[in-house]
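Visitor:
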Amino acid sequence: MEILEKALPKVEKLVAEKGKTILAIDDVESTLDIINCTLCKKYNVVKKANGKDAFEWMHEGNIPDLIICDLRMPEMDGFEFIKHIRSSGFFREVPLLILSSYESSSVRIQCLKCGADDFMMKPFNPEELEIRVENIFKRIYK
Numbered sequence: 343m344e345i346l347e348k349a350l351p352k353v354e355k356l357v358a359e360k361g362k363t364i365l366a367i368d369d370v371e372s373t374l375d376i377i378n379c380t381l382c383k384k385y386n387v388v389k390k391a392n393g394k395d396a397f398e399w400m401h402e403g404n405i406p407d408l409i410i411c412d413l414r415m416p417e418m419d420g421f422e423f424i425k426h427i428r429s430s431g432f433f434r435e436v437p438l439l440i441l442s443s444y445e446s447s448s449v450r451i452q453c454l455k456c457g458a459d460d461f462m463m464k465p466f467n468p469e470e471l472e473i474r475v476e477n478i479f480k481r482i483y484k
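Listed below in structure tokens is the structure:
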């Protein structure tokens, strides 16, 4: 019984974290698979191929706890998606992490000015992604 009592807080924490939903947006399926593999043990991961599909999913009443978004995508690119999200009354507070292969610091600065909370370069280290996601959740959802 004592072992169960000690494990209970860990289980409750895992259940609470698993309740968080991360919306991953990228037109490269393998990138979405890596994001999903990295984060699915702790979080619910919803995958979308472009900003348009993601925005439609959100307008169906789905509000993610975090969005991970690429910049180069068909239909609606990452910059346009950021602008839509940050100008929306419902979604403006959702944390946004950008994953992109753009190497220019001016692109990173533009993303941050548009409202991104963090920026990671592709290819990325899955462990770094997991840590950045955890840090965002610790900071925002105390």
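First residue of the sequence shown: 343, per our numbering; consecutive thereafter.
Heads up, the beta-carbon is just placed ideally off N, CA and C, and yes, glycines get one too.
DSSP has Ser442 in a bridge; who is on the other side?
Guide: For the purposes of this step, residue 442 is taken as the residue at position 100 of the sequence shown. According to DSSP, which records beta bridges pairwise, Ser442 is partnered with Met463.
Visitor: Throw me the rounded Cβ distance for the Gly393 and Met418 pair, which I believe falls under 8 Å.
Guide: Within the sequence shown, numbered from 1, the residue matching residue 393 stands at position 51. Within the sequence shown, numbered from 1, the residue matching residue 418 stands at position 76. Confirmed, about 3 Å.
Visitor: If you draw a straight line from the alpha carbon of Ile367 to that of Ala391, how long is it in whole angstroms?
Guide: Within the sequence shown, numbered from 1, the residue matching residue 367 stands at position 25. Within the sequence shown, numbered from 1, the residue matching residue 391 stands at position 49. Computed Cα separation, rounded: 6 Å.
Visitor: Rounded to the nearest angstrom, what separates Leu381 and Phe421 at their Cα positions?
Guide: Counted from its first residue, the sequence shown places residue 381 at position 39. Counted from its first residue, the sequence shown places residue 421 at position 79. Each residue's Cα considered, the two are about 24 Å apart.
Visitor: Measuring alpha carbon to alpha carbon, tell me which residue in Pro465, Asp459, Ser430, Glu470 is nearest Ile482.
Guide: On the sequence shown, position 140 is the one that residue 482 refers to. Answer by Cα proximity: Asp459.
Visitor: List the whole-angstrom C-beta distance separating Leu454 from Phe461, where the pair is believed to meet the contact cut-off of C-beta under 8 Å.
Guide: To locate residue 454, count along the sequence shown from 1; it is residue 112. To locate residue 461, count along the sequence shown from 1; it is residue 119. The Cβ separation is near 7 Å, so the contact holds.
Visitor: With a CB to CB cut of under 8 Å and the five nearest residues on each side skipped, what residues in its chain are close to Asp369?
Guide: As a first step, residue 369 must be located in the sequence shown, where it is residue number 27. Answer for Asp369: Ala391, Asn392, Asp412, Arg414, Met415, Pro416, listed in chain order.
Visitor: Take the Cβ of Lys405 as the centre, count every other Cβ of all protein chains shown within 10 Å, and call the residue buried at 16 or more, exposed below.
Guide: Against the sequence shown, residue 405 aligns to sequence position 63. Residue identity differs from the one stated: residue 405 is Ile in this sequence, not Lys. By the neighbour-count rule (16 or more Cβ atoms within 10 Å), Ile405 is not buried but exposed.
Visitor: Could you pull out every residue in the same chain whose Cβ sits closer than 8 Å to the Cβ of Val531, ignoring the five residues on either side in sequence?
Guide: Because the chain spans 343 through 484 in this model, residue 531 falls outside it and cannot be assessed.
Visitor: Which same chain residues end up closer than 7 Å to Phe466 when comparing Cβ atoms and leaving out the 5 residues on each side of it in sequence?
Guide: As a working mapping, residue 466 is identified with position 124 in the sequence shown. Answer for Phe466: Leu441, listed in chain order.
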